[in-house]
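Enquirer:
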Amino acid sequence: MRALRIIGISSAVLLGTVLVVALWAAPPSAPDELVFLGGDIVTMAEPPLVEAMWVRSGQIEKLGAVDEVRAAAGPGARVVDLQGATLMPGFIEPHTHPLASAILGAAIDVSGFEHDSREEMMETLREALDGFLPQPWIVAFGWDPIMVPNLEPPTLAELDALSPEKPFVILTQAMHEAFANSAALEAAGIGRDTEDPPGGSFGRDSAGELTGAVLEVNAIDYVLRALPVLPDAVTALMLRWQLGAYAREGFTTIGVLGTVGRARDPIGLLQSLGEDPHAPVRTVVYGLPEQLVDGAKPDLDPSTRFMLRGVKFWMDGSPYTGGAAFAEPYEDTPLTRERLHLSPGHMGPLNYELEEFTEMFGRFHRAGYHVAVHTQGERAIDLVLDAAGPVLEANPWPDHRHRLEHNALITQDQIQRAKALGFELSFFTEHIYYYGHRLRELVGDRVERYMPVGSAFREGHRATIHSDNPMTPIGPLRVMRTAMLRTPRKGGEALGPAERLSPEQALRAMTTNAARQLGVEAHRGSLEPGKAADLVLLSQNPLETAPEDFGEIQAWGTWIAGQPVDTRKASRPNLRLGLRAFGQVLT
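Each number in our numbering comes from the position in the sequence shown (counting from 1) with 3 added on.
#1: Quick one: measure Cβ to Cβ for Gly67 and Ala564, integer angstroms, because I've assumed they're closer than 8 Å.
#2: Between which two residues does the beta strand (DSSP E) harbouring Ala183 extend?
#3: If distances are taken between C-alpha atoms only, which option among Gly439, Glu551, His434, His464 comes closest to Met487?
#4: Between the Cα of Pro280 and those of Thr255, Leu260, Pro301, Thr307, spot the shortest distance and give me the residue it belongs to.
#5: Quick check on Glu36: does DSSP put it in helix, strand or coil?
#6: Whole angstroms is fine: what's the gap from Gly595's alpha carbon to Thr548's?
#7: So, for Ile63: in the same chain, excluding its five sequence neighbours on each side, which residues have a beta-carbon less than 8 Å away from its beta-carbon?
#8: Check whether the region 327-340 and the region 361-377 are in contact - that is, three or more C-beta pairs closer than 8 Å.
#9: Are the Cβ atoms of Phe430 and His409 separated by less than 8 Å?
#10: Distance cutoff 8 Å, beta carbons only. Does Ala103 sit that close to anything in chain C?
#11: On the DSSP bridge list, what partners appear for Leu90?
#12: Could you check which residue in Pro352, Glu396, Tyr372 has the C-alpha nearest to that of Gln379?
#13: If you measure between the beta carbons of Leu3 and Ala518, is that distance less than 8 Å?
#14: Assuming the contact rule is C-beta atoms closer than 8 Å, Trp146 and Met124 should be a hit. Round their C-beta distance to whole Å, please.
#15: Just how far apart, CA to CA, sit Leu442 and Ser209?
#16: Find the nearest neighbour of Gln520 within the set Pro479, Pro545, Ile468, judged by alpha-carbon distance.
#17: Skipping 5 residues on each side, what residues in its chain have a beta carbon closer than 7 Å to that of Ile477?
#18: How is the alpha helix (DSSP H) around Ala518 delimited, first residue to last?
#19: Would DSSP call Lys65 helix, strand or coil?
#20: By Cβ distance below 6 Å, which residues in the same chain neighbour Met47 in space, the five residues on each side in sequence not counted?
#21: May I ask whether a heavy atom of the ligand MN can be found less than 7 Å away from the beta carbon of Trp244?
#22: Does the separation of the CB atoms of Gln176 and Met454 fall below 8 Å?
#23: To the nearest angstrom, how far is it from the Cα of His98 to the Cα of Val259?
#24: With the cut-off set at 8 Å, would you say His464 and Lys422 are in Cβ contact?
#25: Is the separation between the beta-carbon of Asn472 and that of Ser104 shorter than 8 Å?
#26: Can you tell me whether Lys300 is helix, strand or coil according to DSSP?
#27: With a threshold of 16 other CB atoms inside 10 Å of the CB of Ser346, please say whether the residue is buried or exposed.
#28: Excluding five sequence neighbours on each side, which residues of the same chain lie with their C-beta closer than 7 Å to the C-beta of Gly447?
#29: Taking contact to mean at least 3 C-beta pairs separated by less than 8 Å, is the region 270-277 in contact with the region 104-114?
#30: Considering only C-alpha positions, which residue in the set Thr238, Leu580, Gly194, Pro231 is nearest to Val217?
#31: Glu408 bridges to which residues according to DSSP?
#32: What first and last residue would you give for the beta strand (DSSP E) that runs through Ser204?
#33: If we ignore side chains and look at the alpha-carbon of each, how far apart do Ile418 and Asp385 end up?
#34: Going by beta-carbon coordinates alone, are Val539 and Val287 separated by less than 8 Å?
#35: Specify the secondary structure class of Glu96 as computed by DSSP and reduced to three states.
#36: For Ala181 versus Lys169, is the C-beta spacing smaller than 8 Å?
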């Protein structure tokens, strides 16, 4: 009997613990009607600032003075006192890679954000690889010859010494170059006689032997395809955690510009998470060409938390590997010669011929997809616009919103030409913050027109800015600060001060303009009656904050469709995924 009592007590304790955990992990919820007041409400519309806002069934019903909003809402609405904080539309990230970020979160960190020298990075690798690493492949991320001075690439002998048997690969911060040991090269099917793919290459020495270097996206894809795929639930859990990281920074929508990252079905994975009514952010996805089924049409319902909207191409590569297809050669400097190993007069390659890209562009244009193209250099931009011209003339689509991404050295003429053809522009201005102290060594005086987002605004573009995470950390307020100040993190004068944005322009770039680029502006991006109550609560009003102080603004919470977002790693949906992941690992 005593044993039975002990079993009964133990069962009751276990059941009680499970109930407590289940209740604690339950997502927060809000009633159907809310009235926000007691702080600044920035609408990004007209009027730009209001005292109160009424939300019903996830939709904005009315904005205005406190008395009139409360009267319209009636006595049943719950009042949310902002206590002096600022409420505004949730931030929208137009260009990021959450799956890659999620998977790389488990990689060995050798980034320039955490290391100041090659010696520190190699010590981190030695310590990590000296321990027990159960995974079949070892991945490190963040090697950065631009941010870290005097950073010679790892040799194949060094990589093999660090990991003699297991495949081992180091990805650079820009993810346009990698270094693989012999086991990884063999597993990827890369040998001495393997032909270089278009726009990419496998490093070889003077004797033609592989050096372990893998340059640009098409070549790196050989290596990434060989990586073992994690169990679906494990990948889903890591991805959902990453989506929560975006929400913690104030994002309510992200544009997934290329579903890169090792998974069995990246688009299906994002869609399955988006079907969860408690997903931390909405995703608007641009798949890779090979991931999109011929004849399929994009999803045009902006009210969901997942939307397949476009297709993503790479026309050139990274400025930091010699891959950007500039109109003039890279500068001849010790950085380009001795660290990037570029010959004088080097011009980055194009990934497509005009005829080939015209056919592909036309196919997706006619299917109704937004076509987004990575274009850093002027030659890359010219080829995309040259291909688009005849396609758009033969197949008119008013307001198509095809996109040019990054646009490091886009010219004034190209900005105007893109506007005439209806192209949207998105700028990766964080190059200036993280790499501005070295940019003059790459492009010389052209640095004064590097990422010319101010010119785009002046020409009437509703341009956007982005972080391209994991290339740079998530942080909308930092991204906006860079676009306003254009000063490098490591000091020095502003680069291209004529290209600065005003605070209002910077906010539009990550709210209303980003919503437009993603094709969801009728549903979100500003606070107006009839739009979804996708909101971020900020510690202070950014329109009343000096640009240099934007880093002090904190995101205190987000709402999607009027419901608070749960960003905890141990939320109930995450715990369910965790149990599934545990079961898949065991089997």
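Positions of the beta carbon are idealized from the N, C-alpha and C atoms, including for glycine.
The model shown is predicted, which means the values in this text are computed figures rather than measured ones.
Expert: So, to answer that:
#1: Actually they are not in contact, since the Cβ atoms of Gly67 and Ala564 sit about 21 Å apart, beyond 8 Å.
#2: Segment 180-183, the beta strand (DSSP E) holding Ala183.
#3: The shortest Cα separation from Met487 among Gly439, Glu551, His434, His464 belongs to Glu551.
#4: Checked all of Thr255, Leu260, Pro301, Thr307; the closest Cα to Pro280 is Thr307.
#5: Here Glu36 sits in strand by DSSP.
#6: Outside the shown range of the chain, which is 4 to 590, sits residue 595, and nothing can be said about it.
#7: The residues are Met56, Trp57, Leu530, Glu531, Pro532, Gly533, Lys534, Ala535, Ala536.
#8: The region 327-340 is not in contact with the region 361-377.
#9: Yes, Cβ-Cβ distance for Phe430 and His409 is below 8 Å.
#10: No chain C appears in the structure shown, which is made up of a single protein chain.
#11: DSSP links Leu90 through a beta bridge to Ile44, Leu540.
#12: Put simply, of Pro352, Glu396, Tyr372 the residue whose alpha carbon is nearest the alpha carbon of Gln379 is Pro352.
#13: Outside the displayed range of the chain (4 to 590) lies residue 3, so it cannot be described from this structure.
#14: Between Trp146 and Met124, the beta carbon gap of about 7 Å places them in contact (Cβ cut-off 8 Å).
#15: Near 30 Å, if we compare the C-alpha coordinates of Ser209 and Leu442.
#16: Ranking the options by Cα distance to Gln520, first place goes to Ile468.
#17: Cβ within range, chain order: Ala248, Tyr249, Glu252, Ser470.
#18: Start and end: 515-520.
#19: In the three-state reduction of the DSSP assignment, Lys65 falls in the strand class, which pools E and B.
#20: Excluding sequence neighbours, Met47 sits near Pro92, Thr514, Thr515, Ser529.
#21: For the structure depicted, the ligand MN is absent and the ligand set is empty, with no information on it obtainable.
#22: Taking 8 Å as the Cβ cut-off, Gln176 and Met454 do not qualify as a contacting pair.
#23: Answer to the nearest angstrom: the Cα atoms are 6 Å apart.
#24: In contact: His464 and Lys422 (Cβ atoms closer than 8 Å).
#25: Taking 8 Å as the Cβ cut-off, Asn472 and Ser104 qualify as a contacting pair.
#26: In the structure shown, Lys300 sits in coil (DSSP, three-state: anything other than H, G, I, E or B).
#27: Residue burial annotation: Ser346 is exposed, with fewer than 16 other C-beta atoms found within 10 angstroms of its C-beta.
#28: Excluding positions up to five away in sequence, the list reads Glu334.
#29: By the C-beta criterion, the region 270-277 is judged not to be in contact with the region 104-114, since fewer than 3 inter-stretch pairs fall below 8 Å.
#30: Checked all of Thr238, Leu580, Gly194, Pro231; the closest Cα to Val217 is Gly194.
#31: Answer is His377, Ser429, bridged to Glu408.
#32: Taken as a continuous stretch (DSSP letters only), the beta strand (DSSP E) holding Ser204 covers 204-207.
#33: Roughly 11 Å between the two C-alpha positions.
#34: Between Val539 and Val287, the C-beta spacing is not below 8 Å.
#35: For Glu96, the three-state secondary structure derived from DSSP is strand.
#36: Going by beta carbons, Ala181 and Lys169 fall outside the 8 Å limit.
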